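In my numbering, the protein residues as written are 1403 to 1785. No residue lacks a Cβ here, since even glycine has one placed at the ideal position from N, Cα and C. All values reported here derive from a predicted model rather than from experimental measurement. Comments concern the structure below.
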């Protein structure tokens, strides 16, 4: 499988195609180009829920992405009053599971995406049975919580290149200039209060496909994502105007939804903290980010059910040193209804920068798969 992420360009709309080429992550003979319509305009109005699937990686028989989990626990579900309905068994705890008391790693998958992003080989637990029971109906525990109604905008920036290289001064520092302009954009969003959280990430390597990535979290109940996208695109074009800056660069702005995640407790999903990065980041927080591009029609159900493998999430979860302080591995998919699909895998580690060498050994292994673009990032601005 030979996969790549092409150089991006400004898109003409949230649902348009991104510029540049790219090769298929997976091809099928006589494929049908089915659209799952994850765009903003076609989503139904009913309330979705986020499904938490808990597992215990420290027990024998555990393997991410495979059916043998070796889990013993209590299954929970949503009752008529949206309260937890525990299913008890001998020798296991019977108190309701909540995010505050969560002590195990878990998958977080929106219910409307479970059919596509629940990893292959993992059975979805059936609804709980009323009345006393002596045997749990599933080895997995399930907890449903309200959807936080969040959307994500990601701005990928390629390195600045001079318009006239002959006149380029050897004393110029285009990277510093790009950082300054990108920081101004993040500050403007923070002051406008149109996003509940945002951060500017800087690549830690000397040469990078995307030296800076801006990441914004939008509350869809307060801000219309399409309007936010349009405003960000106009602001970015103005700030990075080649005639004024004397440099040019390729940019990709796209709206994403978080379709799956692996989280490690403690979880901080309270409404007041949802989307805020300044409260959750530490001075040693770092990110491993992978960017993937898939041709239209290649984002099939079988392909997405195996996301743990082709994204490298399984490798990160199994082999990332515990000293890195893994907190979250989240998969984002672009919400565009037409055109090529973009996927982002974001691995957040609370202590990554304390021992960067131990964690960086995984970067060459991820890149050796020739699948997407992978980089090591640190936050330089957050709100």
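Give a yes or no on whether the C-beta atoms belonging to residue i and residue j are separated by under 8 Å.
i: residue 1751; j: residue 1728; result: yes
i: residue 1651; j: residue 1562; result: yes
i: residue 1630; j: residue 1596; result: yes
i: residue 1669; j: residue 1736; result: no
i: residue 1722; j: residue 1716; result: no
i: residue 1768; j: residue 1714; result: yes
i: residue 1760; j: residue 1784; result: no
i: residue 1703; j: residue 1518; result: yes
i: residue 1554; j: residue 1618; result: yes
i: residue 1687; j: residue 1781; result: yes
i: residue 1580; j: residue 1627; result: no
i: residue 1621; j: residue 1551; result: yes
i: residue 1511; j: residue 1504; result: no
Using alpha carbons as the reference points, say which of the options lies closest to residue i.
i: residue 1693; options: 1699, 1576, 1776 and 1645; result: 1776
i: residue 1601; options: 1723, 1610 and 1615; result: 1615
i: residue 1634; options: 1588, 1714 and 1645; result: 1588
i: residue 1680; options: 1771, 1546 and 1592; result: 1592
i: residue 1747; options: 1574, 1582, 1594 and 1733; result: 1733
i: residue 1560; options: 1770, 1766 and 1649; result: 1649
i: residue 1544; options: 1556, 1516 and 1568; result: 1516
i: residue 1636; options: 1685, 1557 and 1567; result: 1557
For residue i, count the other beta carbons within 10 Å of its own beta carbon; 16 or more makes it buried, fewer makes it exposed. Which is it?
i: residue 1608; result: exposed
i: residue 1654; result: buried
i: residue 1800; result: Outside the shown range of the chain, which is 1403 to 1785, sits residue 1800, and nothing can be said about it.
i: residue 1502; result: exposed
i: residue 1548; result: exposed
i: residue 1526; result: exposed
i: residue 1662; result: buried
i: residue 1427; result: Because the pLDDT of residue 1427 is 43, which lies under 50, any placement of that residue in the model is unreliable, and the question is left without a value.
Sorted by chain position, which residues of the same chain lie with C-beta nearer than 6 Å to residue i's C-beta, five sequence neighbours on each side aside?
i: residue 1611; result: 1775
i: residue 1708; result: 1522
i: residue 1625; result: 1596
i: residue 1757; result: 1725
i: residue 1429; result: Per-residue confidence for residue 1429 stands at a pLDDT of 43, beneath the threshold of 50, marking its modelled position as unreliable; the derived number appears in the next sentence. Excluding sequence neighbours, residue 1429 sits near nothing in its chain.
i: residue 1412; result: With a pLDDT of 43 at residue 1412, under the threshold of 50, the predicted position of this residue should be treated as unreliable, though the coordinate-derived value follows. For residue 1412, where only same-chain residues beyond five positions count, the Cβ hits under 6 Å are 1653.
i: residue 1576; result: 1562 and 1649
Using C-beta distances below 7 Å, list every residue in its chain close to residue i, excluding the 5 sequence neighbours before and after it, in chain order.
i: residue 1718; result: 1690, 1731, 1749 and 1764
i: residue 1678; result: 1598 and 1599
Using a Cβ-Cβ cut-off of 8 Å (strictly less than) and excluding sequence neighbours within five positions of residue i, which residues of its own chain qualify?
i: residue 1666; result: 1507, 1728, 1729 and 1730
Problem - Whole alpha helix (DSSP H) elements within the segment 1565-1625, 4-residue minimum - result: Every alpha helix (DSSP H) of 4 residues or more that sits fully in the segment 1565-1625 is shown, in chain order, as 1576-1594.
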